[in-house]
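Quick notes on the structure that follows.
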Amino acid sequence: MKDGRCSKKCPRQLIKETQTGDDDYPRYRRRSPEDGGCTAYISFRGKEIEMDNKWVVPYSPPLSKMFHAHINVEYCKSVKSIKYICKYIHKGSDMAVLV
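So the sequence shown is numbered by my numbering: it starts at 0 and just counts up by one.
Okay, here's the thing in structure tokens:
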């Protein structure tokens with residue numbers, strides 16, 4: 000959270016189909032309740048809050064099961080994104096492996 004807003008761009012926009020731009024991250028399909036999406040009510044700090052698909056973080060169930068962890072997998076196609084990923088995984092002592 001920064002200044003009372005989510006720094007991870009949540010809530011995300013509800014759209015019917017996945018859209019990819021020229022030099023940006025894709026906007027994944029997130030169905031609204033009118034288009035067959037799901038809603039759930041949760042209790043948070045004594046209040047009932049309605050949650051829908053715009054609050055769901057993209058993840059891969061098979062990878063989460065395989066590695067016993069939450070894994071966020073996203074598509075990237077721009078050179079800018081790939082340069083960022085390569086720079087990020089080689090940064091510092093906690094390097095990652097890109098396969």
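Backbone N, C-alpha and C define an ideal beta-carbon position, used for all residues, glycine too.
Query, Result
"Rounded separation between residue 67 and residue 25 - CA only", "26 Å"
"The stretch 1-19 / the stretch 47-60 touching (three or more Cβ pairs under 8 Å)", "yes"
"Counterpart residues of residue 84 in DSSP-defined beta bridges", "Answer by DSSP bridge pairing: none, since residue 84 is not bridged."
"First and last residue of the uninterrupted beta strand (DSSP E) at residue 46", "46-51"
"Cβ neighbours of residue 62 in the same chain (closer than 8 Å, five flanking residues each side left out)", "70, 72"
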